[in-house]
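Since the structure comes first, as structure tokens, the remarks are kept for the end.
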Amino acid sequence: MESEAIQEELQNLEVELKDVQGQISALIEHQDRLYERKSELKTLLKALAASGSPVASSGGSTAIENWSEAFEWDSRADGIRFNIFGISKYRANQKEIINAIMLGRDVLVIMAAGGGKSLCYQLPAILRGGTTLVVSPLLSLIQDQVMGLAALGISAYMLTSTSGKENEKFVYKALEKGEDDLKILYVTPEKVSKSKRFMSKLEKCHNACRLSLISIDEAHCCSQWGHDFRPDYKNLSILKTQFPKVPMVALTATATQKIQNDLTEMLHIPKCVKFVSSVNRPNLFYSVREKSAVGKGVVDEIADFIRESYSNNESGIVYCFSRKECEQIAGDLRERGISADYYHADMDVNMREKVHMRWSKNKLQVIVGTVAFGMGINKPDVRFVIHHSLSKSMETYYQESGRAGRDGLPSECILFFRSADVPRQSSMVFYEYSGLKNLYDIVRYCQSKTKCRRSAFFRHFGEPSQDCNGMCDNCALSSEVKEVDVSDLAKLVVSMVQETLAKDQRVTMLQLGDKLRNKHKDLSAELKRDEIEHLVIKLIVDSVLKEEFQHTPYSTNAYVTIGPLANQLLQGRKTIKMETSSKQIKKSKRSISFAGLELKLDELRKELSAADGNILPHTVLSTQQIGSISSQKPDSLQELEKIIGKLKTEKYGDRILEEVMRHDTVSEDIVEDPTKEGTCVSRSRKRAKTQKDVVLVESSNEEEEA
Ligand SMILES: Nc1ncnc2c1ncn2[C@@H]1O[C@H](COP(=O)(O)OP(=O)(O)OP(=O)(O)O)[C@@H](O)[C@H]1O
Ligand SMILES: [Mg+2]
């Protein structure tokens with residue numbers, strides 16, 4: 001009898017010990033998080049003390065230099081910017097970066113996606129003379145850039161694994177002899193690290209003083225902490241070793257301090273001038289929507305949204321969790337009349353390229369993709385990015401959603417959130433460093449009905465907050481949000497988990513909800529399954545509960561167990577509050593859509609791009625330029641040139657003016673419908689001459705006039 005009692009106590013001790021061990025590891029994890037946050041906050045304080053964002057700091061250099069003063073190349077630079085690139089004014093930091101490069105400094109540029117990093121090295125490439133070498137990680141990015149530059153009449157070439165012999169011969173000869181014009185040469189990192197022949201030609205170019213600038217695009221690929229690490233990027237340090245006097249510019253949209261430090265070290269540019277712009281994307285409207293438990297419900301909602309807001313075939317992306325889901329949802333959208341196709345890593349490279357190309361040329365409206373549809377996306381006029389499931393971290397969400405609105409025009413980012421999607425993600429990321437912490441950060445983002453979405457990004461990237469200007473659902477939509485104390489219900493959930501564990505059983509989130517509703521029938525009348533799941537996930541992110549994982553031969557399952565703060569709750573030292581919102585009052589539409597003349601100009605750019613070899617429509621005219629032409633209605637080539645610069649006017653001016661005139665004659669008699677909703681790019685001629693109607697939200701208020 002006595003031995004039985006001892007056995008029992010022993011067993012209890014074992015359970016308790018296991019529990020304590022679990023708590024210790026959770027606490028250590030928690031401690032790590034606190035340390036990490038502490039250092040983030042310190043960096044934030046420093047940035048605040050230095051004040052003024054965007055932050056431009058001189059990395060290793062101590063002298064405070066003024067990069068915006070007047071330089072002798074200013075007017076030439078302005079001419080190239082406007083007449084060749086058709087860009088009417090610099091965006092934040094662009095001018096300063098160009099000046100630093102022109103002064104021969106090494107430069108590190110951290111600038112949000114679509115911020116305009118390319119111009120920062122392409123413009124000095126033309127100004128400095130000689131040849132600029134650009135290292136870029138993806139063939140598709142390189143092709144896009146070379147095609148775009150060629151359309152502007154800039155002699156840009158590439159050397160990649162797919163380059164033909166003729167092209168290679170031309171490039172090598174140009175590098176060696178310098179007789180032919182080679183302004184910008186794009187290569188993949190493998191060329192630098194693996195091709196001795198290339199490096200020897202580059203050396204010759206350098207010895208003849210013709211290597212004027214080295215640019216490392218998507219430089220975060222150097223760092224193992226980055227999301228797109230490329231081993232060959234590690235070997236790029238050879239460039240600075242071989243050519244120490246040639247200025248190097250490294251550019252990336254990934255902002256973390258750790259990656260910045262890694263980059264300067266790996267590229268051997270410790271004394272570089274660092275330009276860090278804000279992560280803010282003021283033109284993006286962020287929102288989170290509740291995802292229907294019924295699979296088709298969410299597809300209906302997505303299809304309705306696209307039809308209502310983007311009926312003129314404006315481009316968009318829908319991100320999905322799995323390959324199967326991509327195919328399914330692309331099909332479902334097609335059934336609902338949306339032109340959509342899927343893109344994922346299981347597809348043949350040619351198929352993927354085909355889908356990408358159709359989309360780039362606006363022949364396909366929506367790409368439904370997995371995260372594989374990533375870095376190579378260069379399309380500036382993506383008007384919406386929809387997440388059918390949540391991303392695995394704030395950082396990936398920032399990057400994926402950031403593919404919208406790279407042209408600076410209003411665009412929307414919608415995330416469909418459902419608690420049941422969390423275990424799907426967690427069982428994929430739990431083995432990654434900080435995988436669960438990162439996931440729970442984005443879950444908090446999704447669950448909040450009051451906090452500004454934008455400020456979550458500022459916090460995440462350790463940057464001082466900026467005004468959202470009503471550009472997220474929580475700031476823009478007036479809804480009645482109540483905080484309800486659900487501690488009692490939370491205790492029931494925790495007890496239920498304890499009971500299950502006591503029986504040596506495991507429980508998933510789904511089973512937990514069912515068990516609870518079965519046991520407490522009174523509750524099931526009040527609480528829907530979704531709401532219980534919502535609470536369970538909240539308890540997990542608040543460390544009251546915890547996820548643990550078990551592998552089967554086919555999958556990894558996520559189970560719910562007791563977390564380190566469970567006792568605090570049970571003993572009444574912790575309360576759990578949930579936000580509930582009763583109604584949301586929708587404000588007016590925020591989308592930008594073409595109407596009247598813009599539509600005609602949109603068609604014209606498609607036609608001209610198809611006729612002009614294989615360039616993309618936005619290379620002919622950007623959406624901003626379409627907006628400006630439509631609102632200003634130029635009636636001569638001189639006037640048009642003031643909007644789109646010399647080069648494009650020479651190439652396409654007559655056709656554009658023809659379209660403007662034709663539209664003008666037709667629209668004289670048409671009375672505008674003042675009740676029409678939405679942000680149309682143009683209005684009637686009478687107002688147009690005095691007022692620009694394009695809603696252009698730029699990334700900085702520090703911009704200079706042209
Ligand atoms: N000063 C400017 N004014 C207006 N448009 C600009 C300006 N600078 C760049 N752009 C346009 O912004 C878009 C994005 O530019 P770019 O491709 O250089 O972005 P990026 O910073 O390299 O982004 P990513 O990180 O996604 O590669 C392009 O269409 C480009 O023509
Ligand atoms: Mg870029």
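Sequential numbering from 1 applies to the sequence shown in the UniProt record's numbering. From the three backbone atoms N, C-alpha and C, an ideal C-beta is built for every residue, glycine too.
- In this structure, DSSP gives Leu616 a state outside helix and strand, which the three-state scheme calls coil.
- The beta carbon of His220 sits closer than 6 Å to the beta carbons of Gly226, Thr252, Thr254, Ile259 from its chain, once the five residues preceding and following it are set aside; these are given in chain order.
- Looking at Met375, Val443, Gln399, Ile367, the one whose alpha-carbon comes closest to that of Leu390 is Val443.
- Contact annotation, Val481 with Ser581: C-beta distance approximately 5 Å; criterion of less than 8 Å satisfied.
- The beta carbon of Arg529 lies closer than 6 Å to those of Gly513 in the same chain, with the five residues before and after it left out.
- The continuous stretches of beta strand (DSSP E) do not include Phe170, which lies in the alpha helix (DSSP H) extending over residues 165-177.
- Across the structure, Thr508 and Lys546 are spaced so that their CA atoms are roughly 11 Å apart.
- Judged by DSSP secondary structure, Ala340 falls within the beta strand (DSSP E) whose first and last residues are 340-343.
- Listed as beta-bridge partners of Tyr286 by DSSP are Cys413, Cys472.
- Counting along the chain, Phe457 sits inside the alpha helix (DSSP H) bounded by residues 453-460.
- Cβ contact annotation for Ile367 (same chain, cutoff 7 Å, sequence separation greater than five): Ile317, Asp341, Tyr343, Val355, Trp359, Phe373, in chain order.
- Shortest gap from the CB of Lys240 to any heavy atom of ligand 2: 8 Å or more.
- Apart from sequence neighbours up to five positions away, the residues of its chain that approach Gly435 with a beta-carbon distance below 6 Å are Val429, ordered along the chain.
- Note that the C-beta distance between Ile214 and Ile184 is not below 9 Å.
- When distances are taken from the beta-carbon of Gln143 to the heavy atoms of ligand 1, even the shortest one reaches 8 Å or more.
- The residue from Glu308, Phe71, Pro380, Arg336 with its alpha-carbon nearest to that of Asp300 is Arg336.
- For Thr131, the enclosing beta strand (DSSP E) covers residues 131-135.
- Here the alpha carbons of Ala5 and Lys18 stand approximately 20 Å from one another.
- Rounded to whole angstroms, Lys642 and Asp228 show a C-alpha spacing of 41 Å.
- The nearest non-hydrogen atom of ligand 1 is 8 Å or more from the C-beta of Ala150.
- Membership of Tyr559 in the beta strand (DSSP E) is indicated by the continuous run 556-562.
- Bounds of any beta strand (DSSP E) do not take in Met428; it lies within the alpha helix (DSSP H) bounded by 421-429.
- Around the C-beta of His388, 16 or more other C-beta atoms lie within 10 Å, and the residue is accordingly described as buried.
- Between Gly86 and Lys648 a beta carbon distance of about 5 Å is seen, short of the 8 Å cut, so the two are scored as contacting.
- Relative to Leu211, the option among Lys177, Phe82, Lys194, Val246 whose CA is nearest is Val246.
- The three-state reading of DSSP puts Phe198 in helix, counting H, G and I together.
- DSSP places Thr552 outside both helix and strand once states are collapsed to three, so it counts as coil.
- Beta-bridge pairing by DSSP links Thr252 to Ile110.
- Cβ atoms of Pro380 and Asp407 come within 8 Å of each other, at about 4 Å.
- Comparing alpha-carbon positions, the option among Ser427, Phe275, Leu489 lying closest to Leu523 turns out to be Leu489.
- Rounded to the nearest whole angstrom, the C-alpha separation of Gly297 and Gly331 is 15 Å.
- Linking Leu10 to Glu2 through their CA atoms gives a straight-line distance of about 12 Å.
- Beta-bridge partners assigned by DSSP to Leu159: Val187.
- Per DSSP, reduced to three states, the secondary structure at Lys503 is coil, with no helix or strand assignment.
- Residue environment: Thr450 is assigned as exposed (fewer than 16 neighbouring CB atoms within 10 Å of its CB, all protein chains considered).
- Taken atom to atom, the span from the alpha-carbon of Gln550 to that of Lys519 is near 26 Å.
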